[in-house]
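Take the sequence shown: its letter number 285 is residue 268 in the numbering used here, and every next letter is one higher. Think of the CB as a built atom: it goes at the ideal place given N, C-alpha and C, for glycine as much as any other residue. Since the structure is predicted, the reported quantities are computational estimates derived from the model, not experimental observations. One structure is given here, and the rest of the page talks about it.
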Amino acid sequence: MTELRVTDLQFTSDEAAEFLNQVMGLALSAEEIAVLEARTEGWIVGLQLAAISMQGHQDASSFIQSFSGRHHFVLDYLVEEVLLQQPASVQRFLLQSSILDRLCGPLCDAVCSVGTENSSKETALLPDTSPSGPESASGQATLEYIEQTNLFLVPLDHERRWYRYHHLFADLLRQRLYQSTNASMGSSIGSSMGEEGKMDVAALHIRASAWYEHNGLEIEAFHHAAAANDLARAERLVEGEGVPLHFRGAGTYVLNWLAALPETALNARPSLWVLYASTLLFTGHHTVVEQKLQAAEVALQDAQSDNKTADLVGRIAAMRATLAVIQNDAETIMAQALRAQAYLHPDNLMFRTTVTWALGLAHQLRGDRAAASRAYTETIAIGGDSIYTTAATITLGQLQESENQLSLATQTYKRGLNLAGDPPHPIACEALLGLARIYYEWNDLEAAQAYGQQCLQLTQQMENVDSFASYGVFLARLLLAQGDVPGAVAVLAEAEAFVQQNFAFRMPDVAAAQVLTLLRQGDLVAAATLAQKHELPLSQARVYLAQGDASAALALLEPLHQQMDAKGWKDEQLKMMLLQAVAHYTAAHDTAAHD
-16 MTELRVTDLQ
-6 FTSDEAAEFL
4 NQVMGLALSA
14 EEIAVLEART
24 EGWIVGLQLA
34 AISMQGHQDA
44 SSFIQSFSGR
54 HHFVLDYLVE
64 EVLLQQPASV
74 QRFLLQSSIL
84 DRLCGPLCDA
94 VCSVGTENSS
104 KETALLPDTS
114 PSGPESASGQ
124 ATLEYIEQTN
134 LFLVPLDHER
144 RWYRYHHLFA
154 DLLRQRLYQS
164 TNASMGSSIG
174 SSMGEEGKMD
184 VAALHIRASA
194 WYEHNGLEIE
204 AFHHAAAAND
214 LARAERLVEG
224 EGVPLHFRGA
234 GTYVLNWLAA
244 LPETALNARP
254 SLWVLYASTL
264 LFTGHHTVVE
274 QKLQAAEVAL
284 QDAQSDNKTA
294 DLVGRIAAMR
304 ATLAVIQNDA
314 ETIMAQALRA
324 QAYLHPDNLM
334 FRTTVTWALG
344 LAHQLRGDRA
354 AASRAYTETI
364 AIGGDSIYTT
374 AATITLGQLQ
384 ESENQLSLAT
394 QTYKRGLNLA
404 GDPPHPIACE
414 ALLGLARIYY
424 EWNDLEAAQA
434 YGQQCLQLTQ
444 QMENVDSFAS
454 YGVFLARLLL
464 AQGDVPGAVA
474 VLAEAEAFVQ
484 QNFAFRMPDV
494 AAAQVLTLLR
504 QGDLVAAATL
514 AQKHELPLSQ
524 ARVYLAQGDA
534 SAALALLEPL
544 HQQMDAKGWK
554 DEQLKMMLLQ
564 AVAHYTAAHD
574 TAAHD
């Protein structure tokens, strides 16, 4: 006797194409066939039912896109020929477990009412693999029975621990679950029954959520809590144990959930508005964060004043400090960070870490690099696995780079990349850009270009970040070093348009690179005008040197050099000294140049 398994009932791609176009008389493109094959998973009957349905449709492509287990031909077939042929206990198991994207025995035990109320007639059909006999058949035993009877169950591993239902079969089961009044099941659903004999689908999702949480699978636990519309549970799972889910790659899921909630639900729980803003901020949707923060403040007006409310006020201030970081607004960073420190709960380590990092940025923008370094070091010490530990590591690398400690900065940037994960969080773009700049300084243009390209790929994952401008400046300098002046001009034009629309404070950086391209093109008048317009003393000195006016360059550079010496800014000191050496040489002051 030959046993037929599910895989034996599937067409290959070539067989599916031949069947649909030659046997069923359709004229489908290769792309349409591929989509339909994916939706039916090659199931022969599914393809036949789809083909019969399409024979009355003008727009085959639209039909294929919408084809599912809810289509009436498929529905009728699966109900009559598959579902209703099973014992009531198996039907109940199939419906209850259909809420799961993947199944295993213990999970099904937690979600489904397996075996405890089955009649002996029903359970006699199940394999007697459980210790207590067939009347207490386990989830694993039921899954094995379903697989053995070819009920569209697909194993996901070689050990046959995890399974999933065929897509079309899952569509059918879920539709039946949500529509069922359980008339055919009697009262055997037990505790999963709600009012008027309907299955309590929310209760099934809560069971699944509890099992996933107990087994350390927080993202799956959140999905089922959200499906059950249990806002308190879903919010708690998103917050996590100090590391929110949107910090662990689930930002899109969390945003989709929050976006689907009515405003009345968000207003009733102001913490959800704060969570909404935090997720938007972390995923790079910076332009809409303030709107959510203001909505949170309005909702908090009706909230009871307690430690939890105060902590939410602190979180709002911390996020405003972070938004100010994006705008390089040192004063706002400082004011909001100090406000956050005053309101945040002492145990809110994640947001306190955020504030410490933001204060470091404020110190750095103010020119106090020593204070910035201390703040970053403190952030790294207290941050644990927080994303702000990664951010502080990268910004510490930027400080080291500005101090011309390039080897140390390289190590720090690479440590930041390791912390950013694999695939890396987009914040790693700044570490990659730092490495690109360093290898450019070391004249390893190939490595610089490779790091720069990786930076660009991450930058494109975020919305309106000034890293794009920084990358444009780097790329222009790289192109100039490679002799591609037109390419540099084009890149800087794009960067200029971007910063004028989003980050006007970054325009001096772009303009300084544009001066270099104008000097390379020999347009000294335009270079001088641009340098003067944006008050760029180093660029003005370069223009003077290009004009042959070394005395004017020296007169401009000397007081600047003294200022940089007083501040101890190593990178700026080196740039001044190089330009002064060129100026002295140009003026024939050979001795001064060598000194």
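{"Query": "Collapsed DSSP secondary structure at residue 268 in the structure displayed", "Result": "strand"}
{"Query": "Contact set for residue 420: own chain, Cβ-Cβ below 8 Å, skip 5 residues either direction", "Result": "384, 431, 457"}
{"Query": "Residue range of the beta strand (DSSP E) that includes residue 489", "Result": "Segment: none, residue 489 is in no beta strand (DSSP E) and carries neither H nor E."}
{"Query": "Nearest-angstrom beta carbon gap, residue 550 and residue 343 [assumed within contact, 8 Å]", "Result": "Residue 343 to residue 550, Cβ: 17 Å. No contact."}
{"Query": "Host alpha helix (DSSP H) of residue 228 (start-end)", "Result": "No alpha helix (DSSP H) contains residue 228, which DSSP labels as neither H nor E."}
{"Query": "Nearest to residue 489 (by Cα), restricted to the options 158, 348, 196", "Result": "348"}
{"Query": "Unbroken stretches of the alpha helix (DSSP H), 4 residues or longer, contained in the stretch 415 to 488", "Result": "428 to 442, 450 to 464, 468 to 485"}
{"Query": "Three-way DSSP call (helix, strand, coil) for residue 138 in this model", "Result": "strand"}
{"Query": "Neighbour-count burial assignment, residue 500, 16 or more Cβ in a 10 Å radius", "Result": "buried"}
{"Query": "Three-way DSSP call (helix, strand, coil) for residue 241 in this model", "Result": "helix"}
{"Query": "Short Cβ contact (8 Å threshold) for residue 522 with residue 498", "Result": "yes"}
{"Query": "In chain order, each alpha helix (DSSP H) run of at least 4 residues that lies wholly inside the stretch 538 to 569", "Result": "553 to 569"}
{"Query": "Residue 161 burial status per 10 Å Cβ neighbour count (16 or more: buried)", "Result": "exposed"}
{"Query": "Residue 253 beta carbon less than 8 Å from that of residue 293", "Result": "no"}
{"Query": "Residue 224 beta carbon near the ligand SAM (any heavy atom closer than 7 Å)", "Result": "This structure does not include the ligand SAM; it has no bound ligands of any sort."}
{"Query": "Whether residue 82 touches residue 188 by CB criterion (8 Å)", "Result": "yes"}
{"Query": "Integer Cβ distance of residue 372 from residue 366, believed to fall under 8 Å", "Result": "3 Å"}
{"Query": "Whole-angstrom C-beta distance between residue 530 and residue 507, which should lie under 8 Å", "Result": "6 Å"}
{"Query": "Per DSSP, cross-strand counterpart(s) of residue 195", "Result": "Its beta-bridge partners do not exist; DSSP assigns none."}
{"Query": "Residues near residue 555 in its chain [Cβ-Cβ closer than 6 Å; skip 5 each side]", "Result": "547"}
{"Query": "DSSP-derived helix/strand/coil call for residue 592", "Result": "Since the displayed the chain opens at -16 and closes at 578, residue 592 lies outside it and no answer follows."}
{"Query": "Three or more C-beta pairs below 8 Å linking the stretch 300 to 314 and the stretch 467 to 480", "Result": "no"}
{"Query": "Those residues which DSSP pairs with residue 86 across a bridge", "Result": "146"}
{"Query": "Exposure label - residue 245; buried when at least 16 CB within 10 Å", "Result": "exposed"}
{"Query": "Beta-carbon separation (whole angstroms), residue 377 vs residue 413, contact threshold 8 Å", "Result": "5 Å"}
{"Query": "Of the listed residues 544, 308, 552, nearest to residue 564 (C-alpha basis)", "Result": "544"}
{"Query": "Exposed unless 16 or more other CB atoms sit within 10 angstroms - verdict on residue 288", "Result": "exposed"}
{"Query": "Neighbourhood of residue 562 by C-beta distance below 8 Å, restricted to the same chain and skipping five residues each side", "Result": "521, 524, 525, 528, 536, 540"}
{"Query": "Residue 200 (DSSP reduced to helix, strand or coil)", "Result": "coil"}
{"Query": "Nearest-angstrom Cα separation, counted from residue 323 out to residue 316", "Result": "10 Å"}
{"Query": "Same chain, Cβ closer than 7 Å to residue 395, neighbours up to 5 away in sequence not counted", "Result": "376, 379, 380, 383"}
{"Query": "Alpha-carbon spacing of residue 242 relative to residue 270, whole angstroms", "Result": "16 Å"}
{"Query": "Selection from 429, 558, 163 that minimises the alpha carbon distance to residue 465", "Result": "429"}
{"Query": "First through last residue of the alpha helix (DSSP H) which encompasses residue 79", "Result": "71 to 80"}
{"Query": "Supposed close pair residue 392, residue 345 - CB separation, criterion 8 Å", "Result": "Rounded, the Cβ-Cβ distance is 21 Å, inconsistent with contact."}
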